[in-house]
Amino acid sequence: MAESRAEPKGTGAALLHRMEDNMSFSVMLQQMGAGMLKSMNIFFLTLLLSLPLGLVVSFGRMAKNRVIRTLVKFYISVMRGTPLMLQLLVWYFGPYYLFSMNIGGNYRFIAIIIGFSVNYAAYFAEIYRSGIESMPAGQYEAAKLLGYGKAATFFRIILPQVIKRILPAVTNEVITLVKDTSLSFALAYAEMFTIAKQIAASQTSFVPFFVAAVFYYVFNFIVAIVMEMVEKKLSYYR
372 MAESRAEPKG TGAALLHRME DNMSFSVMLQ QMGAGMLKSM NIFFLTLLLS
422 LPLGLVVSFG RMAKNRVIRT LVKFYISVMR GTPLMLQLLV WYFGPYYLFS
472 MNIGGNYRFI AIIIGFSVNY AAYFAEIYRS GIESMPAGQY EAAKLLGYGK
522 AATFFRIILP QVIKRILPAV TNEVITLVKD TSLSFALAYA EMFTIAKQIA
572 ASQTSFVPFF VAAVFYYVFN FIVAIVMEMV EKKLSYYR
């Protein structure tokens, strides 16, 4: 009769399996830290693209041409009236469903950056518009008397004051952007929140979610400090 060769519990393959299942806290931090770097890439690239794009969109929103003004107003309405997650899905799957284009490779990240930038540009555009329209007409008249052209008036006199006025609203959007980077999980992009979900599911533990909350809080805390420093630096416009 053949002897049973069942391996004692806690040795060999069973021990190896248990070690693989129980991820150490340092490994968890390392993996989530790598994911946080990807979240930061989304954050900084979105700001880099959406802030200037928002200014351009605000010009269209205030354009004298009724067609341009209506089109831009509709764009802003769509961006603010539909979920960002849905917009990310449209940007990613749209080329395939609409034009039968093969998608893959780095396009996942490109779709995320496009989706975030176009969405946040709409919000920044309305913030810019509110700041520009709040400026007294006398500012423009005084600049004209001093010999400034329209472009020089706006970029050298109006825009610095507008930035000071809109900074608190911009700060709110920037802080929201930090948290919104987690929506990238909709496209299975391995940013920090996606990795936290995967680790929590594989380890059946709530700890990854707590670590993710700490990561987001620290990042937002740093962003808030930086924005406060910028606001203080511009306080001479009061």
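Okay, so the sequence shown: first residue is 372 according to my numbering, each after it adds one. Here a beta-carbon is modelled for each residue, glycine too, at the ideal position from N, C-alpha and C.
>> Relative to the C-alpha of F590, which candidate in M394, M399, G404, L457 has its C-alpha closest?
In response: Closest in C-alpha terms to F590, from the list M394, M399, G404, L457, comes G404.
> Can you list the alpha helix (DSSP H) stretches of 4 or more residues lying completely in the segment 392-476, in chain order?
Replying inline: Runs of the alpha helix (DSSP H) inside the segment 392-476: 396-432, 437-452, 455-470.
> For the segment 487-550, which segments carrying the alpha helix (DSSP H) assignment without a break, of at least 4 residues, lie completely within its bounds, in sequence order?
Replying inline: 508-516, 521-524
> Taking the alpha carbon of L457 as the point to measure from, which residue in S555, L442, Q569, A493 has its own alpha carbon closest?
Replying inline: In terms of Cα proximity to L457, the closest of S555, L442, Q569, A493 is S555.
>> Please tell me whether E562 and Y491 are closer than 8 Å, where the distance is taken between their beta carbons.
In response: no
> Going by beta carbon distance, what residues of the same chain come within less than 8 Å of A571, once the five residues before and after it are set aside?
Replying inline: Taken in chain order, the residues that qualify are F577, V578, P579, F580.
> Between which two residues does the alpha helix (DSSP H) carrying S573 extend?
Replying inline: Membership of S573 in the alpha helix (DSSP H) is indicated by the continuous run 563-574.
>> Suppose you measure from the CA of Y560 to the CA of I447; what does that come to, to the nearest Å?
In response: 26 Å
> Can you find at least 3 beta carbon pairs, one from the segment 501-513 and one from the segment 529-538, that sit closer than 8 Å?
Replying inline: yes
> According to DSSP, is A557 helix, strand or coil?
Replying inline: helix
> Shortest alpha-carbon distance to A493 belongs to which of M411, L442, A583, F525?
Replying inline: L442
> Helix, strand or coil: how does DSSP classify F592 here?
Replying inline: DSSP, read as helix, strand or coil, puts F592 in helix.
> Going by the CB atoms, is the gap between T542 and M598 shorter than 8 Å?
Replying inline: Contact flag set, yes.
>> Determine whether the beta carbon atoms of G425 and F495 lie at a separation below 8 Å.
In response: yes
>> For I413, tell me which candidate among T547, R437, I503, K604 has the shortest Cα-Cα distance.
In response: T547
>> Beta-carbon within less than 8 Å of I528's beta-carbon, same chain only, minus the 5 sequence neighbours each way: which residues are those?
In response: Q510, A514, Y519
> To which residues of the same chain is S606 closer than 6 Å at the C-beta, ignoring the five residues directly before and after it?
Replying inline: none
>> Can you give me the C-alpha to C-alpha distance between T588 and S553, rounded to a whole angstrom?
In response: Here the sequence assigns Tyr to residue 588, which means Thr is not the residue at that position. Each residue's alpha carbon lies about 13 Å from the other.
> Do you know how far the Cα of I484 is from the Cα of S573?
Replying inline: 29 Å
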